[in-house]
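Take the first sequence: its position 16, counting from 1, is numbered 60 in this note's numbering, and each next residue is one higher.
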Amino acid sequence: MKRTKIKSLLNETTFQKEVTVMGWVKTFRNNQFIAINDGSSIQNIQAVVDFNAFDEGLLKRLTTGAAISVTGTLVESLGKGQKVEIKVKELEILGDSDAEKFPLQPKKHSLEFLREIAHLRFRTNTFNAVFKVRHALAFAVHQFFNERGFTYLHTPIITASDAEGAGEMFKVTTLDFDNTPRNEDGSVNFKEDFFGKATNLTVSGQLEGELAALALGDIYTFGPTFRAENSNTTRHLAEFWMIEPEMAFYDLQDNMDLAEDLLKYVINYALTTCADELDFLKSRLEEEEKQKPQNERSELDLISKLKFCLENNFERITYTEAIDILKQSKPNQKKQFKYLIESWGADLQSEHERYLVEKHFKKPVILTDYPKEIKAFYMRQNDDGKTVRAMDILFPGIGEIVGGSQREERLEKIEQRMTEMHIPAEEMSWYLDTRRFGSAPHAGFGLGFERLVLFVTGMTNIRDVIPFPRTPKNAEF
RNA sequence: UCCUGAGUAGCUCAGCCGGUUAGAGCAUCUGACUGUUAAUCAGAGGGUCGCUGGUUCGAGCCCAGCCUCAGGAGCCA
C-alpha cells in the first residue's frame with residue numbers, strides 16, 4: 045500500500061479509510077501509543093496498537109529512533125491530545141534502534157550535546173523546525189530575485205585573487221606538503237601547483253558579481269564562502285552561505301531599498317509557510333528565556349518580533365549621526381562603554397551597535413556613509429573627501445546582517461584608494477577593466493544567510509542553524 | 001587570538017575544609033499497570049571524576065602544562 049505523509053493525514057477530516065505511514069518512533073507509551081514522525085511535519089501522528097493482538101517481542105522493538113511502517117484505519121482520536129490517530133492492523137520494523145545506545149531520549153537535550161551528535165540532531169523537533177525554516181528562507185531568496193528579473197550568477201569557489209581583503213583565506217593546493225617544489229629564494233613554487241599559481245577558497249563573490257552586473261544589469265549570488273579567521277563566537281563560521289546581489293545603475297538609496305525589501309520579503313515568506321515551525325520555535329525560546337532574569341528577556345515573542353520587523357521601516361542614519369547619538373548616550377556619559385566614543389572616525393564596537401539597535405531605536409538600523417579609512421577600497425567616495433557610500437544593516441541580537449555599498453565607478457578614484465591601501469592594481473586588472481570600458485554607477489551588498497536564519501528562528505548560536513558547522517578545531521561529519 | 005567559566009554515569013547536574021565503598025533526577029533494563037501525551041508505580045544495572053605530570057600518609061577536590069567546550073571581545077557576514 046502506498047504510504048501517506050503524516051502532514052496530510054493530520055489535516056484529514058474523512059475517517060475510516062486505510063492508510064500506511066512510515067516514520068521514526070518518537071515515544072512508545074503505555075504499551076499502546078506510538079508517536080511517529082516522518083519529517084513532513086513537526087507534529088507526530090499517534091498510532092494505537094492492541095497489545096494483545098501483537099507479538100510481545102515485536103512491540104519491544106518499538107524503541108525511540110526505530111524506523112517503522114504501520115498500516116491501519118484512520119480514526120478520530122479517543123484521547124485528548126490529538127484529532128486523528130491510526131488503529132494499527134499491520135506493523136513492521138524497518139530499522140531497529142538499540143535503546144541502550146541511541147543517544148536521543150524523549151527529553152530535553154542541551155544544544156551543546158546535540159552539536160556533538162549533529163548527524164542525529166535532525167531527529168529532534170528543534171532542528172526539524174530550524175532546517176525547514178532555513179529551506180523556506182533560501183527558497184524565498186531565489187523567488188524574490190527571480191520575480192524582479194535578477195540573474196542568479198554562480199561565482200567561483202576557487203579563486204586566485206587575494207586582494208579583496210575580506211579575511212584570511214583557506215589555501216587550495218595539490219602540492220605534496222612533504223616535498224614542496226621551491227624557488228631559488230626558498231619560497232614555494234606555485235607554478236608547479238594544480239592551477240600554476242597560488243589559489244584559495246573564495247571569501248566573497250562580489251568582485252566577480254560586479255563584472256556580470258555591468259553587463260546583465262541585476263545579478264545575485266547565493267553560495268558558500270570561506271574565512272580562515274580564528275573566530276570563536278556565536279555569529280561566525282569558517283564556512284557560511286552568503287547572498288550577494290549587485291545592480292548596475294543603483295545608487296546607495298536604491299541599494300538600501302532593495303536590501304530592506306529582500307529582508308521583509310523572506311521573513312514574510314517564512315511567517316506564512318512555516319507557521320507550525322515558528323510556533324514551536326517561539327515556545328522553545330520562551331522556555332529558554334524563563335531561565336534568564338526578567339530584564340534580560342525579550343520584550344516581544346519570536347513571532348511578534350518578526351511581524352514588528354515587517355511593519356516598521358528600518359531606521360536610516362549616517363555614521364556621523366550615530367556618533368552624535370552615541371556621544372550623548374547615557375552609557376557613554378557614565379563611562380559604561382568599554383570603548384568610549386570621543387571623536388569622529390572611530391570604528392563602532394559591538395556594544396555601540398547593540399545600543400543603537402536594542403536600546404535607542406529598538407528596531408533594525410541602517411548605518412550609512414562611514415569614514416573611508418575603516419571601509420574597503422571599492423566603496424564610492426563622497427564629495428566631502430572623508431566618507432564613503434557604505435551601508436550596514438544591524439539587527440537586534442545579531443549585529444551586522446548586511447554589509448554593502450555603492451561601488452566606486454571612477455577609475456582614477458579607485459586606483460588612488462588601491463594605492464593608499466597597498467592593493468596591487470596589476471593583479472586586479474580584470475576588475476578595473478569594468479571601470480575602463482563603459483563604467484557605470486552600481487551598488488550591491490552581502491547578506492549573511494546564517495545570520496538571517498538565526499534572526500528568524502530565534503536561535504542564539506550560528507552553529508545551530510547550519511547542518512554541519514565548520515568552526516576552528518571542528519570539521520566533524 | 002585575548003578574557004572569563006566549565007569538563008564527574010547515556011543526558012542534566014550535586015559532591016562541604018583534601019579523608020571510609022563518588023550521589024540525585026531523567027534515560028536504559030526487569031516486572032506491574034493498560035486511553036497514554038516527555039505515561040505512571042516498584043526494583044536493578046551503569047563511573048578511566050577530560051589528559052599528562054606534580055604536591056600529599058591520602059587527590060574528583062590543591063599546583064603546573066595540555067586538550068575540548070561554552071559565553072564575551074576582536075575580525076566580519
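Where a beta carbon is used, it is the ideal one built from N, C-alpha and C, also for glycine.
For residue i and residue j, what's the separation of their Cα atoms in angstroms?
i      : j      : result
Phe72  : Ser85  : 19 Å
Ile442 : Ile506 : 10 Å
Ala256 : Leu322 : 37 Å
Ala91  : Asn299 : 53 Å
Asp237 : Arg279 : 34 Å
Pro408 : Ile369 : 16 Å
Val232 : Asn244 : 15 Å
Tyr475 : Pro468 : 12 Å
Leu153 : Ala282 : For the sequence presented, residue 153 should be read as His rather than Leu. Going by the C-alpha atoms only, they are around 26 Å apart.
Gly240 : Ala204 : 10 Å
Glu333 : Gly502 : 11 Å
Gly52  : Glu62  : The question names Gly, yet the displayed sequence has Ser at residue 52. For Ser52 and Glu62, the distance between alpha carbons rounds to 14 Å.
Glu120 : Glu520 : 45 Å
Lys374 : Glu340 : 19 Å
Arg454 : Arg479 : 6 Å
Gln335 : Ser327 : 13 Å
Thr362 : Glu395 : 18 Å
Phe481 : Lys430 : 27 Å
Glu444 : Lys457 : 27 Å
His179 : Asn74  : 36 Å
Thr224 : Thr463 : 33 Å
Ile347 : Lys406 : 16 Å
Asp477 : Met465 : 19 Å
Arg47  : Ala242 : 53 Å
Thr108 : Ser141 : 7 Å
Lys517 : Gly123 : 49 Å
Lys176 : Ala110 : 22 Å
Leu438 : Gly492 : 12 Å
Glu471 : Asn376 : 44 Å
Look at residue i and residue j and say whether their C-beta atoms are less than 7 Å apart.
i      : j      : result
Thr117 : Glu134 : no
Gln76  : Leu54  : no
Ile112 : Ile130 : no
Gly101 : Asn81  : no
Val446 : Val174 : no
Leu270 : Phe214 : The question names Leu, but residue 270 in the sequence shown is Phe. Result yes, Cβ atoms of Phe270 and Phe214 sit closer than 7 Å.
Ile201 : Thr265 : no
Ala314 : Val500 : yes
Glu212 : Ala143 : no
Glu288 : Gly249 : yes
Run through the DSSP bridge pairs and tell me what residue i is partnered with.
i      : result
Gly116 : Val63 and Val132
Lys215 : Asn244
Met45  : Its beta-bridge partners do not exist; DSSP assigns none.
Leu491 : Ile287 and Val446
Met435 : Thr412 and Gly448
Ala292 : His486
Glu359 : Val409
Thinking just about the alpha-carbon of each residue, which of the options is nearest to the one in residue i?
i      : options                           : result
Ile410 : Glu144, Ala259 and Arg398         : Arg398
Phe183 : Glu453, Lys351 and Cys318         : Cys318
Tyr414 : Glu402, Glu395 and Asp391         : Asp391
Ser449 : Arg178, Gly488, Val65 and Gly230  : Gly488
Thr277 : Val119, Phe521, Glu520 and Thr515 : Thr515
Ala259 : Thr364, Phe239 and Ala292         : Ala292
Arg461 : Glu290, Met423 and Phe439         : Met423
Asp436 : Phe512, Leu455 and Leu296         : Leu296
Ser473 : Val401, Leu251 and Gln60          : Leu251
Val310 : Leu350, Ala110, Ser275 and Lys151 : Leu350
Asp262 : Tyr196, Asp320, Gln393 and Phe284 : Tyr196
Val26  : Cys353, Arg167, Ile367 and Ala180 : No information on residue 26 is available, as it lies outside the stretch 45 to 521 that the chain covers here.
Gly253 : Ala242, His486, Glu290 and Phe234 : Glu290
Gly389 : Glu355, Glu402, Lys419 and Ile78  : Lys419
Pro440 : Ile367, Glu212, Glu386 and Arg495 : Arg495
Thr64  : Val497, Thr58 and Ile50           : Ile50
Ala484 : Lys124, Arg451, Leu491 and Asp222 : Arg451
Asn356 : Asp320, Asn312 and Pro337         : Asn312
Pro150 : Val128, Arg159, His486 and Arg165 : Arg165
Thr199 : Lys235, Gly267, Phe189 and Asp99  : Gly267
Glu402 : Cys353, Ile89 and Phe512          : Cys353
Assign residue i to buried or exposed, taking buried as 16 or more other Cβ atoms, counted over all protein chains shown, within 10 Å of its Cβ.
i      : result
Lys145 : exposed
Tyr294 : buried
Asn172 : buried
Met286 : buried
Thr58  : exposed
Pro337 : exposed
The ligand GTP heavy atoms versus the CB of residue i: any closer than 6 Å?
i      : result
Thr515 : Summarising the ligand content, the structure contains no ligands, and the ligand GTP is consequently not present.
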